[in-house]
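All remarks here apply to the structure that follows.
Protein chains: 2
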Amino acid sequence: MKYLITGHGGFVGSYLIDYIIQQESDAEIIGLDIAARKMKADYFTEYIVDLLDADKLNSVLKKVKPDYIMHLASFSSVAYSWEYPLESFQNNTNIFLNLLDGICRYCPECKLLSIGSSEEYGAVSEDDIPLKETMIPRPLSPYAVARVAQENMSRVYSRGFGLNIVCTRSFNHIGCGQLDKFVISSLAKRFAMFNAGQCSEIVTGDTSVIRDFLDVRDVVRAYFLLLKSDGGNSEIYNICSGFGTSIQNIIDLLCKITNTMPSFRVDSKLLRPVENRIVTGSYEKINKLCGWKPEITLEDSITSIVEWWQKRI
Amino acid sequence: MKYLITGHGGFVGSYLIDYIIQQESDAEIIGLDIAARKMKADYFTEYIVDLLDADKLNSVLKKVKPDYIMHLASFSSVAYSWEYPLESFQNNTNIFLNLLDGICRYCPECKLLSIGSSEEYGAVSEDDIPLKETMIPRPLSPYAVARVAQENMSRVYSRGFGLNIVCTRSFNHIGCGQLDKFVISSLAKRFAMFNAGQCSEIVTGDTSVIRDFLDVRDVVRAYFLLLKSDGGNSEIYNICSGFGTSIQNIIDLLCKITNTMPSFRVDSKLLRPVENRIVTGSYEKINKLCGWKPEITLEDSITSIVEWWQKRI
């Protein structure tokens, strides 16, 4: 089978490639990214493509004719979307529309995995927790509006042009190799630095916020299962742990795992206004479809992340 | 007060201008359209602007600094959106994003009326009738996806940038001067032609479909009241009659009004697959906000439309 992954060079992409090959040793994997990642393997071919360039994208789809497409590429920063709302919205919707149009033309039989975000839920009340796919999305950032449009456009192309699309609303991912602008990666890095004597205290923001964290290895397994399942027709599935963890819980776990007790300082600059105190999802729908549930505990995830940083400090 | 109307040259625009001046004789009305309409009046100024041209739009907003903006302009054909999904979606979202961005820069205090469509509801079941604003939109055309994105973007700019926006989901409008590609205008024209001996039969499509038709004069009154009410913060209001009418009902009314009984022929080419047999809305929310309800009966509307065509046949 031929798997085409857009944005394969990102955090999730490398885990996804590994997982596919582990499951299907004769898989052929095609990566599309805006910059070269220079990954070398028999089963892997890389194309450097800006997905806003429809002609170049089309030429690849025409040549490759993939069986599956996993669309990971996006301008995924919520903060960037506030700074450049037009560009962020247009880029994310335009790359998706280019992809849909190219699929209609050159590989209408393929199955597309469209990645969305828990950000789509937007303003939620605590009564809505855990969030289910049947809730009305009330997106609160230009990034999240584009993600909702992507889902809606998936429905239109699925019903109107017969494309086979499955959509996710993916909650917070964590794992080794994630950039340290993400909260768990950042905290683990600071603990590793503290242990190495490179800093004397750990600076935090609001530690009472509760989020739903899922190991990236569980995420890519869910993505693969969704592609192989019957869940098409633009159906939407939460990808989440189903479990709420506060930042304070994470800090406590890091103290336990590293067997240290740093001193902490709250930086008021990191205390941004938070729309939702608690965001967790329900994974009941994907579980019913294909039996998926999270397998890696939060403690195991965080242990591997802090060890990853310890090797790099 | 200064009222800026985008797309003032369309069907709704001329009614809106008349209504505003009737209510506020000292109003100043500024029309923005892609082509000259050459309407002359003391209270009226016209600018020829393609809303995709952000610089030109900005220069008008900077100069005019309107108190109210009524955004009627759109690429509003569902059929066109199927033929050119990318262009239709991009154009509608881009003109709206340009407008929001311009408002932030040059007239952040103004109140914006964002026009949406009952098409946003998409696939509905008969249990959902009459449609309420609390339903999850499941848009089924690229046009409708763009309209949902417009609503979501209104929430983002209202909460994130403090803009004052009120949104509608407007159901089928009818009235004199509407193009004959719309069903009631088309039927009324054919009855007028039959009466004038210019055709021997009336061709129809599926006459069992039930829709919610509202006179354009009731529509523009609702738009004006929404602007003057407290209903901002990106709240959404159905603009509808609350009443379902089948195409067959319309034909029966036309027979009665014109006192004729033409022969009918069903054209299979006009029998397109219809996603929803019945679409009607509830106007309870706008009624609670500002007391608006429809005032013009369907019979009065259709009488005026058929008379309008009789003068032109």
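These protein sequence lines map, in sequence, to chains A and B. Take the first sequence: its position 133, counted from the start at 1, is 132 in numbering that gives the first Met the number 0, and no numbers get skipped. Take the second sequence: its position 216, counted from the start at 1, is 215 in numbering that gives the first Met the number 0, and no numbers get skipped. The C-beta atom is built at its ideal place from N, Cα and C for all residues, glycine as well. Keep in mind the model is a prediction, meaning the values are calculated, not measured.
* If we cut at 8 Å on Cβ distances, does methionine 152 of chain A have a partner in chain B? -> Counting from 1 along the first sequence, the entry for residue 152 of chain A is found at position 153. At a cut-off of 8 Å between beta carbons, methionine 152 of chain A contacts chain B.
* Under 7 Å Cβ to Cβ from glutamine 200 of chain A, same chain only, skipping five residues before and after it: list those, please. => Counted from its first residue, the first sequence places residue 200 of chain A at position 201. In the sequence as presented, glutamine is not what sits at residue 200 of chain A; that position holds glutamate. Within the same chain, glutamate 200 of chain A has close Cβ partners Pro261, Ser262, Phe263 and Arg264.
* If we ignore side chains and look at the alpha-carbon of each, how far apart do leucine 31 of chain B and threonine 203 of chain A end up? -> Position 32 of the second sequence, counting from 1, holds the residue named residue 31 of chain B. Position 204 of the first sequence, counting from 1, holds the residue named residue 203 of chain A. For the pair leucine 31 of chain B and threonine 203 of chain A, the Cα-to-Cα distance works out to about 50 Å.
* When DSSP labels each residue in this structure, what does valine 392 of chain A get in the three-state scheme? -> Since the displayed chain A opens at 0 and closes at 312, residue 392 of chain A lies outside it and no answer follows.
* Asked: Out of B/Asp66, B/Gln89, B/Val63 and B/Gly230, which has the shortest C-alpha to C-alpha gap to serine 75 of chain B?
  -> Your numbering for residue 75 of chain B matches position 76 in the second sequence. Taking only the C-alpha atoms, the option nearest serine 75 of chain B is B/Gln89.
* Which chain B residues are close to asparagine 90 of chain A, counting only those with a beta carbon under 8 Å from its beta carbon? -> Residue numbering aside, residue 90 of chain A sits at position 91 when the first sequence is read from its first letter. The premise fails here: asparagine 90 of chain A is roughly 12 Å from chain B at the closest Cβ pair, so nothing lies under 8 Å.
* Asked: With a cut-off of 8 Å, does the C-beta of tryptophan 307 of chain B fall near any C-beta of chain A?
  -> Position 308 of the second sequence, counted from the start, is the residue given in the question as residue 307 of chain B. No, tryptophan 307 of chain B does not count as interfacial toward chain A.
* **Where arginine 311 of chain A falls, given that 16 or more other Cβ within 10 Å makes a residue buried** => Start at 1 with the first residue of the first sequence, and residue 311 of chain A comes out as number 312. Exposed, since its Cβ has fewer than 16 Cβ neighbours within 10 Å.
* Measure how close the beta-carbons of tyrosine 142 of chain A and serine 185 of chain A come, nearest whole angstrom, since I'm counting them as under 8 Å. => If you number the first sequence from 1, residue 142 of chain A lands on position 143. If you number the first sequence from 1, residue 185 of chain A lands on position 186. With 8 Å as the limit, tyrosine 142 of chain A and serine 185 of chain A do not qualify as a contact, their Cβ atoms being about 20 Å apart.
* Determine the DSSP secondary structure at isoleucine 295 of chain A, reduced to helix, strand or coil. => In the first sequence, counting from the first residue as 1, residue 295 of chain A sits at position 296. For isoleucine 295 of chain A, the secondary structure class from DSSP, reduced to helix, strand or coil, is coil.
* **Beta-carbon proximity of isoleucine 235 of chain B to glutamate 118 of chain B, cut-off 8 Å** => Here residue 235 of chain B refers to the residue found at position 236 of the second sequence. Here residue 118 of chain B refers to the residue found at position 119 of the second sequence. Going by C-beta atoms, isoleucine 235 of chain B is not nearer than 8 Å to glutamate 118 of chain B.
* Expressed to the nearest angstrom, what Euclidean distance is found between the alpha-carbon atoms of tyrosine 18 of chain B and serine 228 of chain B? -> What you label residue 18 of chain B is simply residue 19 of the second sequence in a count that begins at 1. What you label residue 228 of chain B is simply residue 229 of the second sequence in a count that begins at 1. CA-to-CA, the gap between tyrosine 18 of chain B and serine 228 of chain B works out to about 16 Å.
* Asked: Which class does threonine 259 of chain A belong to by DSSP, given the choice of helix, strand or coil?
  -> Numbered from 1 along the first sequence, position 260 holds the residue referred to as residue 259 of chain A. In the displayed model, threonine 259 of chain A falls within coil according to three-state DSSP, outside both helix and strand.
* To do: Identify the continuous alpha helix (DSSP H) that holds lysine 287 of chain A and give its terminal residues.
  => Here residue 287 of chain A is taken as the residue at index 288 of the first sequence, counted from 1. Here the alpha helix (DSSP H) through lysine 287 of chain A covers 283 to 289.
* **Residue from A/Ile250, A/Asp217, A/Gln197 and A/Leu253 with nearest C-alpha to leucine 15 of chain A** => Translated into the one-based positions of the first sequence, residue 15 of chain A becomes position 16. Comparing Cα-Cα distances from leucine 15 of chain A to each of A/Ile250, A/Asp217, A/Gln197 and A/Leu253, the minimum goes to A/Asp217.
* Asked: For the candidate residues A/Asn97, A/Leu226, A/Ser140 and A/Glu108, whose alpha-carbon lies nearest to that of glutamate 49 of chain A?
  -> Taking the first sequence and counting its residues from 1, the one referred to as residue 49 of chain A is at position 50. The displayed chain sequence assigns aspartate, not glutamate, to residue 49 of chain A. Ranking the options by Cα distance to aspartate 49 of chain A, first place goes to A/Asn97.
* Asked: Which full runs of the beta strand (DSSP E) of 3+ residues lie inside the region 23 to 102 of chain B, going along the chain?
  -> Counting only runs of 3 or more, we get 27 to 32, 43 to 47 and 67 to 70.
* Return the residue from the list A/Gln21, A/Thr302, A/Trp308 and A/Leu60 that minimises the CA-CA distance to aspartate 214 of chain A. => As a first step, residue 214 of chain A is located in the first sequence; it is residue number 215 there, counting from the start. Ranking the options by Cα distance to aspartate 214 of chain A, first place goes to A/Thr302.
* Using three-state DSSP, classify threonine 302 of chain B as helix, strand or coil. => Your numbering for residue 302 of chain B matches position 303 in the second sequence. Of the three classes helix, strand and coil, the one that applies to threonine 302 of chain B here is helix, per DSSP.
* Asked: Cα-Cα, which of B/Glu298, B/Pro293 and B/Cys103 is closest to methionine 153 of chain B?
  -> In the second sequence, residue 153 of chain B corresponds to position 154, counting from 1. Sequence check: residue 153 of chain B is serine here, not methionine. Closest option to serine 153 of chain B, Cα to Cα, is B/Cys103.
* Starting from lysine 110 of chain B, trace the beta strand (DSSP E) both ways and give me its first and last residue. => Start at 1 with the first residue of the second sequence, and residue 110 of chain B comes out as number 111. Per DSSP, the continuous beta strand (DSSP E) segment holding lysine 110 of chain B begins and ends at 110 to 116.
* Opposing strand residues paired with glycine 280 of chain A [DSSP bridges] -> Taking the first sequence and counting its residues from 1, the one referred to as residue 280 of chain A is at position 281. Bridge partners of glycine 280 of chain A: A/Leu130.
* **Own chain residues within Cβ distance below 7 Å of alanine 221 of chain A, not counting five before or after** => Indexing the first sequence from 1 puts residue 221 of chain A at position 222. Around alanine 221 of chain A: Ile238, Ile285 and Trp291.
* **Contact set between the region 200 to 213 of chain A and chain B, restricted to residues whose Cβ is under 7 Å from the partner** => Taking 7 Å as the Cβ-Cβ cut-off against chain B, none of the residues of the region 200 to 213 of chain A qualify.
* What is the DSSP secondary structure of lysine 180 of chain A, counted as helix, strand or coil? -> As a position in the first sequence, residue 180 of chain A is number 181, starting the count at 1. If DSSP states are grouped into helix, strand and coil, lysine 180 of chain A belongs with coil.
* To do: Just the C-alpha distance for isoleucine 29 of chain B and serine 233 of chain A, rounded to the nearest angstrom, thanks.
  => The count along the second sequence starts at 1 and reaches residue 29 of chain B at position 30. The count along the first sequence starts at 1 and reaches residue 233 of chain A at position 234. Isoleucine 29 of chain B and serine 233 of chain A: Cα-Cα distance of roughly 43 Å.
* Distance, asparagine 248 of chain A Cα to lysine 188 of chain A Cα -> As a working mapping, residue 188 of chain A is identified with position 189 in the first sequence. As a working mapping, residue 248 of chain A is identified with position 249 in the first sequence. For lysine 188 of chain A and asparagine 248 of chain A, the gap between their C-alpha atoms comes out near 16 Å.
* Asked: Can you name the residues of chain A whose CB is closer than 7 Å to the CB of asparagine 314 of chain B?
  -> Because chain B in this structure spans residues 0 to 312, residue 314 of chain B falls outside the shown range and cannot be described.
* To do: Would you mind sorting proline 107 of chain A into buried or exposed? The rule is 16 or more other CB atoms within 10 Å of its CB.
  => Within the first sequence, the letter at position 108 stands for residue 107 of chain A. That one is exposed.
* Could you tell me which uninterrupted beta strand (DSSP E) segments, each at least 3 residues in length, are contained entirely in the region 139 to 185 of chain B, listed from first to last along the chain? => Scanning the region 139 to 185 of chain B from its first residue to its last, the whole beta strand (DSSP E) runs of 3-plus residues come out as 163 to 169 and 171 to 173.
* To do: Please go through the region 182 to 219 of chain A and give each complete alpha helix (DSSP H) segment of 4 or more residues, from N-terminal end onward.
  => Segments of the alpha helix (DSSP H) lying fully in the region 182 to 219 of chain A: 182 to 194.
* Would you tell me roughly how many angstroms separate the C-alpha atoms of lysine 180 of chain B and alanine 72 of chain B, rounded to the nearest one? => Start at 1 with the first residue of the second sequence, and residue 180 of chain B comes out as number 181. Start at 1 with the first residue of the second sequence, and residue 72 of chain B comes out as number 73. Going from the Cα of lysine 180 of chain B to the Cα of alanine 72 of chain B covers about 18 Å.
* What are the boundary residues of the beta strand (DSSP E) that includes leucine 3 of chain B? -> The residue given as residue 3 of chain B occupies position 4 in the second sequence. Here the beta strand (DSSP E) through leucine 3 of chain B covers 1 to 5.
* To do: Look at the alpha carbon of cysteine 289 of chain B and the alpha carbon of leucine 56 of chain A, and state the distance between them as a whole number of angstroms.
  => In the second sequence, counting from the first residue as 1, residue 289 of chain B sits at position 290. In the first sequence, counting from the first residue as 1, residue 56 of chain A sits at position 57. Our two residues, cysteine 289 of chain B and leucine 56 of chain A, have alpha carbons roughly 51 Å apart in a direct line.
* Asked: Any idea what DSSP makes of valine 123 of chain B, helix, strand or coil?
  -> For this step, residue 123 of chain B is matched to residue 124 along the second sequence. Valine 123 of chain B carries a coil assignment under DSSP once its states are collapsed to helix, strand and coil.
* Asked: Terminal residues of the continuous beta strand (DSSP E) containing asparagine 237 of chain A?
  -> If you number the first sequence from 1, residue 237 of chain A lands on position 238. Taken as a continuous stretch (DSSP letters only), the beta strand (DSSP E) holding asparagine 237 of chain A covers 234 to 238.
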